[in-house]
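Asker: Residue numbers (the working numbering), protein chains in the order written: chain A, 1 to 139; chain B, 1001 to 1139. Even for Gly, the Cβ is constructed at its ideal location relative to N, Cα and C. Dumping the structure here so I can ask a few things about it.
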DNA sequence: CCTATATTTCGTTATGTGGCGAATTGAGAA
DNA sequence: TTCTCAATTCGCCACATAACGAAATATAGG
């Protein structure tokens, strides 16, 4: 019970994970699309998704070689409330607006193309959102 | 905006901090009472309180030598929603029930006595709640 | 079966966080 | 002013976590 709540709060305490949740408002996404959105390595993205899944903030389904993530179809009241709170807090943020634009572009592309580019090390075709706080370290 | 949200989610992702929030349902508490409840060092407790304060999940007021913490009198809608979610999720938990009992005992005592005992290294007069997950490390 | 590929898991590294005790601060009390 | 003491800040340690690339794990297609 407490563990469930803390899992959710922990999952929501990272901006990349809240970005995924907000993106899923528009429907389910496959991992390569989320990789493209976050502009992170696939392994890192996968870790974030597993944390969201553990908190039951997303559903996951496998179809062929692709994993699709979506908002939970039957959330518990606590999860439902957490998602409502998150959307309420972040839906108007400039980060979300930027992501919505970027996502529209991503959805126009063939997911297979995205994956190909990602394995070719060109992780990030889009500029880092301007208000992203320390999105990526430059060593 | 996002920063505010992440501050709140981070503040809520630690059990000791949620315990403080739940305890404050019963009214404001001074630091020594919270130290007694959590059974942590005053410095650690103070850090937790500063994180709650930064997230605007608590108000702080100083009276004479004591600091009193309370639920926010005028929370923003997002903070209000976060607190409602937290109470909804945790109010029925056994941890909260245990803390409510313990708090009733603490409130019967003179806060000055609590502070005296705390400076005398006898931090914890009460047993650690039985379902506390890894409340304290033993080296 | 073998190959290609989408995703996850593993190992590593840098940074963040919770915990404590010691030192510091600040507001009565002597 | 000086002393006391509640609370905070500081310095340190152990452990958690976000990031990456490499290796492992499926699964579709040849």
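1) Taking 8 Å as the cut-off, does the segment 32–51 of chain A touch the segment 70–77 of chain A (at least 3 CB pairs, one atom from each stretch)?
2) At what residues does the beta strand (DSSP E) containing residue 63 (chain A) begin and finish?
3) In chain order, what residues of the segment 73–92 of chain A put their CB closer than 9 Å to some CB of chain B?
4) Any Cβ of chain B within less than 9 Å of the Cβ of residue 12 (chain A)?
5) When DSSP labels each residue in this structure, what does residue 1015 (chain B) get in the three-state scheme?
6) Helix or strand or just coil, what does DSSP make of residue 1041 (chain B)?
7) Taking all protein chains shown into account, decide if residue 86 (chain A) is buried (16 or more other Cβ within 10 angstroms of its Cβ) or exposed.
8) On the three-state DSSP scale, how would you describe residue 112 (chain A)?
9) Please state the DSSP three-state secondary structure of residue 1029 (chain B).
10) Could you check the C-alpha separation between residue 1108 (chain B) and residue 1066 (chain B) for me, to the nearest Å?
11) Less than 9 Å between CB atoms is the rule here; does residue 2 (chain A) satisfy it with respect to chain B?
12) Out of B:1099, B:1092, B:1094, B:1078, which one is the CA nearest neighbour of residue 1007 (chain B)?
13) What does residue 6 (chain A) touch in chain B if you count any residue whose Cβ is under 7 Å from its own?
14) Pick from A:30, A:52, A:99, A:101: whose alpha carbon is nearest that of residue 113 (chain A)?
15) Going by other Cβ atoms of all chains shown within 10 Å of its Cβ, with 16 needed for buried, is residue 1025 (chain B) buried or exposed?
16) Starting from the C-beta of residue 1051 (chain B), find all residues in its chain whose C-beta is less than 6 Å away, skip the five residues before and the five after it, and write them out in chain order.
17) Taking the CB atoms as reference points, tell me whether residue 84 (chain A) and residue 1081 (chain B) lie closer together than 9 Å.
18) May I ask you to report which of helix, strand or coil DSSP gives residue 73 (chain A)?
19) I need the straight-line Cα distance from residue 1 (chain A) to residue 101 (chain A), nearest angstrom please.
20) Just the Cα atoms here: how many angstroms apart are residue 46 (chain A) and residue 40 (chain A)?
Answerer: The answer reads as follows:
1) no
2) 59–63
3) 77, 78, 81, 82, 84, 85, 86, 88, 89, 90, 92
4) yes
5) helix
6) coil
7) buried
8) helix
9) strand
10) 17 Å
11) yes
12) B:1078
13) 1013, 1015
14) A:30
15) exposed
16) 1011
17) yes
18) coil
19) 37 Å
20) 10 Å
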